[in-house]
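In my numbering, the protein residues as written are 1 to 372.
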C-alpha cells in the first residue's frame, strides 16, 4: 500500500508542467537556504532556540480554510448543475469537472508556496527579534545626520508635519500605514491564485522572498538601526526626536479627548515592540529595524506588480507607496533615507526576479523581451 501511494504521488508530481516543478524547487531551495543561514547565525550566538517555524501558521491555516470552503462551494455548484441537467451519472460528472478545472496540480501550486511562505515569514520574524542583540543598533546618529543633510538641514518629519497639522490628518496617515499588512496579504493571496499568469506570479513570489532576505534581513542586520521613535532609547540623546514624539502624543491625546475610540495605533505598536525587544519575546510582527524600510519596499513591490496588470491599478498602488513613505517619517518609524534606500533595492530585486521567472517558465538558455 505504501509503495502504491508513493508511486501515485510521483505520478501526480510528474504531471506538473516543467515550469511549475522548476518554480517549486527554486522556491523551496531559497526558503531552505535562508532558514539554514538564519538558524546557523542564531545558533553560533547561542540563540538557536529563538527561531520559531510556526509563528504565522494561523494565517496560513486561515487561508487554507478559505480555500477549502471555496472548493466545497464549487463542488456543491457542480453537483447542483449536474442534477439540474439530469446527468446520467452525476457523481462521475462532478469528479471529472472538478479534476479538469481544479485538480491536484492547481491545489499543489497554491498550497505548497503558501506553506513555504508561512515558514519563511516565521523564520524572518524570529531573526528580526534577535539580530539587534547580535549586532546592536549603532547607525541611528549617522542616518539622522544624512536625513538633515539631504533635506537642506531640515528634519524630514518637520516637513511632513507642516503638511499634515491636524489630529484627524494624522489619524488618516496612521490608518493607511496600519492597513499595510492587510494589503500585503491581499497581494500575496492574489498572486498565489494567479495560476494562469505564471510569469507575473513567479516574479512577485520570488521578489517577495528575496526582498525580505536581502533588504529585510541582510541589509537590516548590517545597517542595524532602530528608527526615530527609539532614537533616545538607543543613543541616550533624548532631545533630537523628542519634539516629534511629543507632537504625536499631543495629537493622540487630542483625538482621545473628543472620540475615545479614535487612537493612533503607531504609538501603541511602538511601545509594544520596544517592550517585546527588552523582554526578548518572539511574536508575530515583532522585531525592531529601521534601515531599510520594508514597509516602503513592499509598497513599491505592490506597484511594480500592479503595473503589469493595469496602469490605473499601478497609479493607485503608487499613490499608496508614497503615502507609506510619507507615513513612515510622519509617525516616527523611519528616517527618510530608510525608504530612499529601499526603493531602488526593491526595483533591482524585481528585475532579477523577472529574469529568474523567465528562465523558469521558458527553460534554460531561452529569453523573451516581453513578459507581460
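Note that CB positions come from ideal geometry on N, CA and C, so glycine has one too. Treat the numbers as computed from the prediction; the structure is a model and nothing was measured.
Secondary structure of residue i, DSSP reduced to three states
i: residue 121; result: helix
i: residue 268; result: helix
i: residue 354; result: helix
i: residue 96; result: helix
i: residue 135; result: coil
i: residue 158; result: helix
i: residue 371; result: With a pLDDT of only 39 at residue 371, under the threshold of 50, the placement of this residue in the model should not be trusted; the figure read from the coordinates follows. Coil.
i: residue 145; result: helix
i: residue 275; result: helix
i: residue 436; result: Here the chain covers residues 1 to 372 and nothing more, so residue 436 does not appear.
i: residue 224; result: coil
i: residue 113; result: helix
i: residue 83; result: helix
i: residue 291; result: coil
i: residue 126; result: helix
i: residue 307; result: helix
i: residue 164; result: coil
i: residue 333; result: coil
i: residue 283; result: coil
i: residue 238; result: coil
i: residue 45; result: coil
i: residue 51; result: coil
For residue j and residue i, the rounded distance between their alpha carbons
i: residue 122; j: residue 54; result: 6 Å
i: residue 379; j: residue 331; result: This structure cannot settle anything about residue 379, because the visible part of the chain is limited to 1 through 372.
i: residue 288; j: residue 35; result: 20 Å
i: residue 343; j: residue 147; result: 16 Å
i: residue 101; j: residue 190; result: 18 Å
i: residue 218; j: residue 92; result: 53 Å
i: residue 155; j: residue 232; result: 16 Å
i: residue 163; j: residue 173; result: 12 Å
i: residue 48; j: residue 127; result: 10 Å
i: residue 77; j: residue 20; result: 28 Å
i: residue 230; j: residue 94; result: 59 Å
i: residue 305; j: residue 197; result: 12 Å
i: residue 181; j: residue 363; result: 34 Å
i: residue 324; j: residue 32; result: 31 Å
i: residue 286; j: residue 241; result: 23 Å
i: residue 350; j: residue 207; result: 6 Å
i: residue 45; j: residue 270; result: 26 Å
i: residue 192; j: residue 81; result: 28 Å
i: residue 315; j: residue 188; result: 19 Å
i: residue 283; j: residue 83; result: 50 Å
i: residue 89; j: residue 73; result: 20 Å
i: residue 131; j: residue 200; result: 33 Å
i: residue 178; j: residue 358; result: 34 Å
i: residue 370; j: residue 347; result: Residue confidence for residue 370 is low, a pLDDT of 41 falling below 50, so the modelled location carries little weight; the figure read from the coordinates is stated next. Taking the straight line joining both Cα atoms gives about 17 Å.
i: residue 149; j: residue 226; result: 19 Å
i: residue 86; j: residue 106; result: 28 Å
i: residue 71; j: residue 104; result: 12 Å
i: residue 66; j: residue 118; result: 16 Å
i: residue 2; j: residue 129; result: Because residue 2 sits at a pLDDT of 45, beneath the cut-off of 50, its placement in the model cannot be relied upon, and the following sentence gives the value as read from the coordinates. If I take the Cα positions, the gap works out to 42 Å.
i: residue 13; j: residue 253; result: Residue placement at residue 13 is poorly supported in this model, since its pLDDT is 49, which falls under 50; the coordinates are not used for a value here.
i: residue 257; j: residue 326; result: 26 Å
i: residue 353; j: residue 145; result: 34 Å
i: residue 143; j: residue 313; result: 33 Å
Cβ separation of residue i and residue j, assumed to be a contact under 8 Å, to the nearest whole Å
i: residue 291; j: residue 338; result: 5 Å
i: residue 345; j: residue 215; result: 5 Å
i: residue 243; j: residue 335; result: Between residue 335 and residue 243 the Cβ distance is about 16 Å, and since that is not below 8 Å, they are no contact.
i: residue 224; j: residue 137; result: 5 Å
i: residue 98; j: residue 69; result: Not confirmed; about 15 Å, so no contact.
i: residue 151; j: residue 159; result: 7 Å
i: residue 141; j: residue 235; result: 6 Å
i: residue 114; j: residue 63; result: 6 Å
Check whether residue i and residue j have beta carbons under 8 Å apart
i: residue 202; j: residue 361; result: yes
i: residue 296; j: residue 265; result: no
i: residue 247; j: residue 267; result: no
i: residue 27; j: residue 205; result: yes
i: residue 51; j: residue 209; result: no
i: residue 25; j: residue 109; result: no
i: residue 221; j: residue 275; result: no
i: residue 318; j: residue 303; result: yes
i: residue 263; j: residue 255; result: yes
i: residue 124; j: residue 212; result: yes
i: residue 298; j: residue 184; result: yes
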